[in-house]
Amino acid sequence: MGKDLNERGIENQTEGKVEEMKGKVRGDVGDALDDRDQHIKGRAEEFKGKAKQELGKAQRKIDGDR
2 MGKDLNERGI ENQTEGKVEE MKGKVRGDVG DALDDRDQHI KGRAEEFKGK
52 AKQELGKAQR KIDGDR
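Our numbering puts the first residue of the sequence shown at 2, with every later residue one more than the last.
Next up, the structure:
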């Protein structure tokens, strides 16, 4: 049987946080090196991580509401 929403939510929150932090570091390195491309990619990765965390929160809330 597959994972329930709470388990998937926890995974998405964790993976999202890791992705957010990697993106922040990448964006900061891009700033330090004056590399606009890396800055933009890093900020996009950071945003994607935040979105994944929000998905995880929603999945956990839905699972808790059942």
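Note that beta-carbon positions come from the ideal geometry of N, C-alpha and C, so glycine has one too. Here the structure is a predicted model, which is why all the values come from computation and not from measurement.
Burial state of residue i, where buried means 16 or more other Cβ atoms lie within 10 Å
i	result
GLU47	buried
GLN27	Reading off the sequence shown, one finds Arg at residue 27, where the question assumed Gln. Buried, by the Cβ-count rule.
LEU34	exposed
GLU20	buried
GLY17	buried
GLY10	buried
LYS53	buried
Between the CA atoms of residue j and residue i - distance to the nearest angstrom
i	j	result
GLN60	LYS51	14 Å
GLN14	GLY24	15 Å
LYS1	LEU6	Because the chain in this structure spans residues 2 to 67, residue 1 falls outside the shown range and cannot be described.
GLN39	GLU8	33 Å
GLY65	ARG37	42 Å
MET2	GLU12	The predicted model places MET2 with a pLDDT of 49, which falls under 50 and marks its position as unreliable; any figure quoted below should be read in that light. Computed Cα separation, rounded: 17 Å.
LEU56	LYS62	10 Å
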